[in-house]
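Residue numbers (my numbering): 198 to 707.
Glycine is no exception: its CB is placed at the ideal position from the N, C-alpha and C atoms.
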Ligand SMILES: [Zn+2]
């Protein structure tokens with residue numbers, strides 16, 4: 198590899214998908230993987246095949262359909278995992294098995310009850326075994342940042358001896374800080390005798406808000422690959438954010454003298470898609486992709502930016518693909534205009550899907566004059582789920598006011614039969630949910646409810662994100678409409694439909 202290059206390993210679909218509340222189905226994962234390929238990431242970690250049939254299916258489909266990047270799958274240092282991972286990656290042009298084992302003292306004692314030598318032997322065997330399938334094998338000593346250095350150096354050397362092509366150093370619990378983590382990377386380079394035979398990678402978590410800083414410090418100290426996610430999503434406080442690392446390297450070329458192959462103009466689009474499909478909303482002040490990242494509020498700043506952008510902008514909004522003048526579609530845009538706009542947004546549609554989306558588009562265009570990209574994304578998402586709805590909203594009627602008890606009547610369709618119920622509640626939304634509960638004959642706990650306007654203006658599409666809790670599962674549902682009560686009902690039904698799917702899958706496997 199070119200020594201000035203930093204390899205971008207994206208784990209949005211594996212670590213990112215472990216974010217609380219995020220669960221993607223296979224078509225959504227393929228859609229994101231395809232966008233990651235357009236973003237030109239070097240490696241896509243597509244999932245953890247042995248962990249569930251959905252994960253297996255997702256990795257397999259991405260391996261089949263997504264061209265360009267290396268496709269990696271995760272596997273514990275066990276034959277069962279490695280076999281499953283290799284099966285899933287069978288058709289990938291450039292497959293990589295990423296195998297890992299925990300190496301810190303606390304994991305050895307509490308998780309495995311095994312000695313260092315036993316763990317080292319397991320790691321060696323796992324890499325050797327994976328090598329039977331493919332050449333490209335990545336090995337991670339999990340919790341490296343809290344692992345005794347002598348043991349860490351020994352296990353890295355053994356993994357490279359067994360044939361590992363990439364050694365990844367995870368700060369699994371986000372415990373390290375930049376000086377310390379950079380120092381560790383430098384020491385690994387200096388003290389592991391065969392280190393030059395493999396690529397050195399890092400994987401940082403954000404528990405102390407230092408994931409990006411630690412990754413950058415590692416790069417300055419010789420790391421050649423960084424593992425990261427779009428919007429920094431991931432376990433707990435998340436992973437290092439891809440867009441922050443890439444744009445730092447880009448903006449501060451003078452200091453880092455390293456580059457990536459990322460198509461930075463695709464960053465904004467990718468970020469939107471991931472936020473949308475996972476339901477994880479981006480905080481407005483988030484670096485690079487937050488809604489305010491390029492907004493100048495103070496009059497003095499605005500004035501200066503108008504005179505010369507460089508006064509307060511260290512990078513341009515265009516460099517991340519933020520549209521400077523928004524393209525707006527309307528009733529008269531036609532099927533062709535819609536299709537080409539969807540393609541620019543990264544969605545390739547079959548004719549049948551396009552027709553379905555066009556119908557929905559017309560309905561929205563009737564209600565509001567201007568249809569924005571964000572509106573289109575909502576339509577697409579509603580239609581991806583369209584085909585597998587068990588319960589569908591047929592009609593609803595609400596009576597509400599400040600002097601009467603809110604009441605809702607709801608009609609739902611299930612297997613071509615309409616079920617109707619009415620209920621009272623603390624408010625119109627509560628009444629509607631209670632009426633639905635009567636129809637499903639089931640109660641669920643409501644974890645979270647968020648309403649936000651997808652676009653500006655009084656006629657904006659309102660999007661409701663809801664979290665329901667049942668059997669210990671957290672399920673996110675979303676719904677959108679120009680009417681917030683309808684959006685709430687749709688979100689609730691979306692979550693319940695997902696719950697049904699989950700219950701069926703669960704029963705199939707027990
Ligand atoms: Zn992780």
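- Counting only residues of its own chain and dropping the five nearest sequence neighbours on each side, residue 476 has a CB closer than 8 Å to the CB of 218, 219, 662, 673, 675.
- For residue 647, the enclosing beta strand (DSSP E) covers residues 642–650.
- Counting the other Cβ atoms within 10 Å of the Cβ of residue 211 gives 16 or more, which makes it buried.
- Your pair residue 339 and residue 300 checks out as a contact, with CB atoms roughly 7 Å apart and the cut at 8 Å.
- Annotation for residue 271: the continuous beta strand (DSSP E) segment containing it runs 267–273.
- Take residue 283, set aside five residues on each side of it, and the residues of its chain with a beta-carbon closer than 6 Å to its own are 330, in chain order.
- About 5 Å separates the CB atoms of residue 272 and residue 279; that is less than 8 Å, so the two are in contact.
- Counting only the Cα atoms, residue 209 lies some 7 Å from residue 425.
- By the criterion of at least three beta-carbon pairs nearer than 8 Å, the segment 365–382 is in contact with the segment 413–421.
- By DSSP's assignment, residue 596 forms a beta bridge with 604.
- A straight-line Cα-Cα distance of about 35 Å links residue 614 and residue 570.
- Annotated as proximal: residue 418 and residue 383, with beta-carbon spacing under 7 Å.
- Rounded to whole angstroms, the Cβ separation of residue 436 and residue 213 is 7 Å, and the two are in contact under 8 Å.
- Around the beta carbon of residue 270, 16 or more other beta carbons sit within 10 angstroms, so the residue counts as buried.
- A check of alpha carbon separations from residue 281 across 461, 527, 253 identifies 253 as the nearest.
- Contact annotation: residue 241 and residue 457 have beta-carbon atoms that are not nearer than 7 Å.
- Secondary structure at residue 548: helix, using DSSP grouped into helix, strand and coil.
- Counting the other CB atoms within 10 Å of its CB gives residue 687 a total of 16 or more, which places it among the buried residues.
- In the DSSP assignment, residue 368 falls within the unbroken beta strand (DSSP E) covering 363–368.
- Secondary structure of residue 580 (DSSP, three-state): helix.
- Around the beta-carbon of residue 689, 16 or more other beta-carbon atoms lie within 10 Å, marking it buried.
- Put simply, of 580, 540, 541 the residue whose alpha carbon is nearest the alpha carbon of residue 554 is 580.
- A contact is defined here as three or more CB-CB pairs under 8 Å, and the segment 651–668 fails this definition with respect to the segment 600–608.
- Annotated three-state conformation of residue 675 is strand, per DSSP.
- Here residue 620 carries a strand assignment [DSSP, helix/strand/coil].
- DSSP places residue 514 within a helical segment (H, G or I) once states are collapsed to three.
- By DSSP's assignment, residue 426 forms a beta bridge with 438.
- Placement of the Cβ of residue 368 at a distance of 6 Å or more from every heavy atom of ligand 1 is found.
- If you compare the alpha carbons of 431, 386, 388 with that of residue 402, the shortest gap goes to 431.
- Going by DSSP, residue 338 is part of the beta strand (DSSP E) stretching over 334–339.
- Taking the CA atoms as reference points, residue 291 sits about 12 Å from residue 262.
- With contacts defined by Cβ atoms closer than 7 Å, residue 427 and residue 370 do not form a contacting pair.
- In this structure, residue 518 sits near residue 464, with a CB-CB distance shorter than 7 Å.
- Every alpha helix (DSSP H) of 4 residues or more that sits fully in the segment 356–422 is shown, in chain order, as 375–388, 408–417.
- Residue 629 and residue 682 do touch by the CB rule: their CB atoms are close to 7 Å apart, below 8 Å.
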